[in-house]
Each structure stands twice: as C-alpha cells, then as structure tokens.
C-alpha cells in the first residue's frame, strides 16, 4: 500500500533558521496532511492541502504540493525551540477515510 | 472538549496475558481509528470504525488482536494472548464526518515482558 517517504530522516538547525522537510508518494491522493508529534505524545494535525491546491499557509507553516512530481514540502519559518518534534506527512486517498502516514522527519531546533 | 481519551497510559504485562486498551473518541466524531507505532514499522493503521461499524481491519496483525466499538463513545482493542513483539505505543484517533483530519489521543505504551 502507499506510504509517504520523508526526507531528511533527521534535521538539526539553529533557532531562527527555516526548516524544510519533504514527502514523496506513489499514487494519486485526495489530500495530503502534515502532523507533528512531540516526544511521548500523540500526533497533532498541522495543515491539510488538497490535490487541486499548490500552496497553503498557516502561521509560520508553508506547505506546497506538486502532484506531477508526487511530492510535498513543509517549510517552518523562523524556527523556535518548541518546534522540536517529529513531523509526518499523511496521505488521504479517494473513497475512504484511511490515512497512510510517512516515515517522519525528526526535527531538532538548537537554542 | 477533553479530546480523545485513552487508558491506561502505560501497561506492563507478561507474555500470555490478556491486554485491553480503551478509547473514548471526541463527542460527535463518527470515525475511530486504532494505530500502532514502533521504531521499526512506524505508524500502522490496525482498524477503523465508522458509526460504530468496523470498516477496514486489514491492518490487524493476527487473530490475537480484536477490536470492538459497542457505542459511539467507547472502543476497545484487545490482545489475547500478548507477546513481546506486541510492545509498542497504541494510538486511538477520531474524526468528524466529512473531514479527513484526525485527532489523536495520547497513546498507550504497552510493554510485554
């Protein structure tokens, strides 16, 4: 079954810098979502982008979707220590409610 | 809203014992999902319900696993008998009808010795 593959697997940056992580997938999707997971916690929904959208913003988050390349990127601008977490893309296919989660990117913000 | 509630938060048991994990979805949400997360396999969907009816259980690893949703506000995931390879964090999530956004509980960390 389809699974998103994320890169990099891990990313460490200085506080204040921008962080970019990518998600690639193989088959058509209805929408793509990004979730954050803090250590020892459940996942929290960040943003959803539909297959007919190319870019979406929410606060310091910017998501792009290129359906021709089957890829998405999540940009976090002006990173903060509190952004330290794992980030997962999740793929929603047509016709059902299932989400398939990617492998995740572990982001560390260095104060 | 209290969010998705899971219990227990931690469970340590011995191989062969029965384990029951519990979930209370957000009120008004129509779908409920059970996931398992491990370092090796990542986040896997085990089963999901819509309006209390199991829709897809293709992710349930084997007959030792079973899930029920007797009403809109409660679901259980049972493992009988448990094995050390079942050690993982089990998440429950719910979503309202008409959306794909899922709301996750805090998880149950299961350790089978």
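Chains as they are written, first to last, in our numbering: chain G, 1 to 111; chain D, 112 to 224.
Even for Gly, the Cβ is constructed at its ideal location relative to N, Cα and C.
Against chain G, the beta carbon of residue 206(D) has neighbours under 8 Å at 97, listed in chain order. Cβ proximity to chain D below 9 Å picks out 30, 31, 33, 35, 37, 40, 41, 42, 43, 44, 45 from the segment 13-46 of chain G. Exclusion of the five residues before and after residue 165(D) leaves 158, 159, 178, 180 as the residues of its chain whose Cβ lies within less than 8 Å of its Cβ.
Exposure of residue 172(D) is indicated by the presence of fewer than 16 other C-beta atoms within 10 angstroms of its C-beta.
If you check the CB distance, residue 126(D) and residue 194(D) come in under 7 Å.
For residue 174(D), the secondary structure class from DSSP, reduced to helix, strand or coil, is coil.
Its Cα nearest to that of residue 110(G), the residue 80(G) stands out among 103(G), 93(G), 100(G), 80(G). Taking 7 Å as the Cβ-Cβ cut-off, the segment 119-147 of chain D approaches chain G at 142, given in chain order. Interface with chain G (7 Å Cβ-Cβ cutoff): residue 217(D) is included.
In this structure the segment 131-138 of chain D does not touch the segment 60-74 of chain G; the number of beta carbon pairs closer than 8 Å is below three. For the segment 154-166 of chain D, the set of positions with a beta-carbon nearer than 8 Å to some beta-carbon of chain G reads 154, 156, 159, 161, 166 in chain order.
Residue 85(G) holds the alpha-carbon nearest to the alpha-carbon of residue 40(G) among 94(G), 30(G), 85(G), 102(G).
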